[in-house]
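Student: Take the position in the sequence shown, starting the count at 1, then add 1; the result is the number in our numbering. Next up is a structure, given as structure tokens.
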Amino acid sequence: QDAKMGDYAFPCFKLAKVMRKAPPLIAKGIAEGMQDAPLFEKVEQVNAYVNMFISKEEFVKDVVEDVLQKEGEYGKTNIGDGIPVIVEFSSPNIAKPFHIGHIRSTVIGNSIYKIYDAMGYKVTRINHLGDYGTQFGKLIVAYKRWGDRERIEEGKLKELMRIYVKYHDEARHYFKLIEDGDEEATALFSWFKEITLKEVQKIYDRLNVTFDSYAGESFYNDKMQPIVDELKEKGLLKISDGAAIVDLEPYGMPPCLILKKDGSSLYATRDMAAAVYRKKTYDFYKSLYVVAYQQDLHFKQFFKVLELMGKEWAKDLVHVSYGMVSMEDGAMSTRTGKVVLLEDVLDKCVEKARAVIEEKNAALENKDEIARQVGTGAVIFGALYNNKIKDIVFSFDKVLNFDGETCPYVQYTGARCNSVLKKGGAAGAYAVKELTEEEYSLVSLLGNFGEVVKEAGEKYEPSYVTRYAVDLAKAYNRFYISNKIIGSEENVKNFRLALTGAVKTVLENAFRLLGIEIPEKM
Ligand code: ARG
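Structure representation (structure tokens):
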């Protein structure tokens, strides 16, 4: 906590048991043994701690040179060694809105993908589209009663949503027709799907998100029977009220529904078929599901059923659960039709960013492009800043505040590094001298980046990277204010330019892991 005490501290309490010695004595022994360690300038014992001061010159040069040499590769590791990992994320529903709530799964999942990729895993991104279920029956009923093909082609998803809200009980009947392969019903189903996907694709393009597979729920239609058979064979299936269930009472959970009364399949059954299929196809080491916490129980249930079926890999399925997003100006709900579409939020945020630019720097070139980068980045950053399990309230003013712990603040710092580098020219050779406090804290942050990425990956927590980027930007600005760069003595100038280049690279690398761009100029 206190840099004056050293750069690293090693507590010896745990060793006391093993070594049957008082912790301070152990610390003393370790400190003495480390007196000649080349990496350290000083190693001392203070009570139960071994405090280590690294030799700054070595360390500083190592870190800065490492960043400048590796550039975009800096922070990457090969911890994963090509082992397959699946990240399932986004997974919107056909004919339902892609709303502000979906953005969290999309950007958290995308960032987790990038983090695992940077750790050397072989990652497959899956979009488990909600393209099956009684909602299609409902939609067909709605279409038959109030739908108009031309109006739908024109009004798109919004129009589909409008008629969807008017569904009827007959819906179940039509869904059964889809399941039975009825020609008219399946054709309508495909058309609804196509319309939704086209719109959803536009959003993915804006967020620069891609998928390796769009195998949604309907993909598993012909893969569920073997699951049902296996459950029967293993004596796990019970009939209750005409439906087939797996009793989970011994595990303190309500039963998992496998088949409805009319024999049609359920959400959980498809998820089990999907998990089995993915294990077979990708032989994953871990399979992550980036889905909101409302579905905690669903995942616990079907993970448990797979375990009861004897799938030893069920332990490798991870529900990466996250909190809700609401808008500052009131709650949102699909039922009342008062939804906030992500597309509208992106548009508005870009527009507002454009206005801020106009106000702060009207002479800037490429204002539209920069407003796009800032506005889009602000929406992504807003969804990734907090610990993922926390509910968040989205506020345009907050995400676009240039002085807060925000996306524009970090972007602005990146652009500032750029302009320093442009003015200062290429950094010549330098020898590391006595560092100022601001310089040193920058270097130690830079040196931490790989560790931050690794921890973010292990905890499925992109917010570690987001916060790291803010800390690095803050440290750079503190440095910038009190350490003259251009106009300093040659050696100092060169070092500070090199440091600036390294900060710029690491800010970019961190933001790349979040899916956010940094403008050249701002
Ligand atoms: N389509 C679902 C929804 O929007 C999310 C799918 C989650 N993934 C899964 N494998 N069940 O609520």
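From the three backbone atoms N, C-alpha and C, an ideal C-beta is built for every residue, glycine too.
For the beta strand (DSSP E) that Y461 lies in, which residues bound it at each end?
Tutor: Unbroken run through Y461: none, as it is neither H nor E.
Student: Would you kindly work out how many angstroms separate the C-alpha atoms of A188 and E352, rounded to a whole number?
Tutor: Taking the straight line from one Cα to the other gives about 39 Å.
Student: For P93, does the count of other Cβ atoms within 10 angstroms reach 16, so buried, or fall short, so exposed?
Tutor: Buried is the call here.
Student: Span of the beta strand (DSSP E) holding V321?
Tutor: Here the beta strand (DSSP E) through V321 covers 318 to 323.
Student: How do the segment 502 to 514 and the segment 459 to 469 stand: do at least 3 beta-carbon pairs fall below 8 Å, yes or no?
Tutor: Segments in contact, yes.
Student: Can you name the start and end residues of the beta strand (DSSP E) that I55 belongs to?
Tutor: Start and end: 50 to 55.
Student: Given R336, which residues of its chain have a CB within under 8 Å of its CB, disregarding the five upstream and five downstream residues?
Tutor: Bear in mind that a pLDDT of 43 at R336, under 50, signals an unreliable position, so the model cannot answer this.
Student: Quick one: any contact between the segment 288 to 295 and the segment 134 to 152, if contact means 3 or more CB pairs under 8 Å?
Tutor: As far as the Cβ criterion goes, the segment 288 to 295 does not touch the segment 134 to 152, which means the pair count is below three.
Student: So R126 and D213 are supposed to be a Cβ contact under 8 Å. How far apart are they, rounded?
Tutor: At roughly 5 Å, the Cβ-Cβ gap stays under 8 Å, so R126 and D213 are in contact.
Student: At a threshold of 6 Å, does D132 count as lining the ligand MN (C-beta to nearest heavy atom)?
Tutor: Here the bound small molecules are the ligand ARG; the ligand MN is not part of this structure.
Student: Find the nearest neighbour of P227 within the set A432, V277, V210, judged by alpha-carbon distance.
Tutor: Nearest of A432, V277, V210 to P227, Cα basis: V277.
Student: Kindly give me the distance between the Cβ atoms of K62 and L436, rounded to whole angstroms, as I take these residues to be in contact under 8 Å.
Tutor: K62 to L436, Cβ: 11 Å. No contact.
Student: Scan the segment 371 to 421 and note each continuous beta strand (DSSP E) run of 3 residues or more that stays entirely inside, going in chain order.
Tutor: The qualifying runs are 393 to 395.
Student: What is the DSSP secondary structure of Q46, reduced to helix, strand or coil?
Tutor: DSSP places Q46 in strand when its eight states are reduced to three.
Student: Please work out which residues of its chain come closer than 8 Å, Cβ to Cβ, to N449, disregarding the five sequence neighbours upstream and downstream, and give them in chain order.
Tutor: Here the set comprises Y469.
Student: Measuring only the C-alpha atoms, how far is N419 from G451?
Tutor: Those two C-alpha atoms are separated by around 23 Å.
Student: Near V444, which residues of its chain fall below 6 Å by C-beta distance, leaving aside the five closest residues on each side in sequence?
Tutor: Around V444: V61, V64.
Student: How close, in whole Å, do the beta carbons of R105 and V326 come, if the pair is a contact with beta carbons under 8 Å?
Tutor: Contact holds; Cβ gap of about 6 Å.
Student: What do you reckon, is the C-beta of N94 under 6 Å from a heavy atom of the ligand ARG?
Tutor: It does: the Cβ of N94 is within 6 Å (strictly closer) of some heavy atom of the ligand ARG.
Student: Please indicate yes or no: does the CB of D272 lie closer than 6 Å to some heavy atom of the ligand ARG?
Tutor: At least one heavy atom of the ligand ARG is nearer than 6 Å to the Cβ of D272, so yes.
Student: What's the C-alpha gap between D472 and M53?
Tutor: Roughly 23 Å between the two C-alpha positions.
Student: Buried or exposed: where does V394 fall if 16 or more other Cβ atoms within 10 Å of its Cβ makes it buried?
Tutor: It counts as exposed.
Student: Here's a check: name, in chain order, each residue in its chain whose Cβ is nearer than 7 Å to the Cβ of A457, leaving out the five neighbours to either side.
Tutor: Taken in chain order, the residues that qualify are I116, P463, Y465, V466.
Student: Does the Cβ-Cβ distance between Y221 and A275 come in under 7 Å?
Tutor: Yes. Within cutoff.
Student: Using a 10 Å radius around the Cβ and a threshold of 16 neighbouring Cβ atoms, would you call S191 buried or exposed?
Tutor: Exposed, since its Cβ has fewer than 16 Cβ neighbours within 10 Å.
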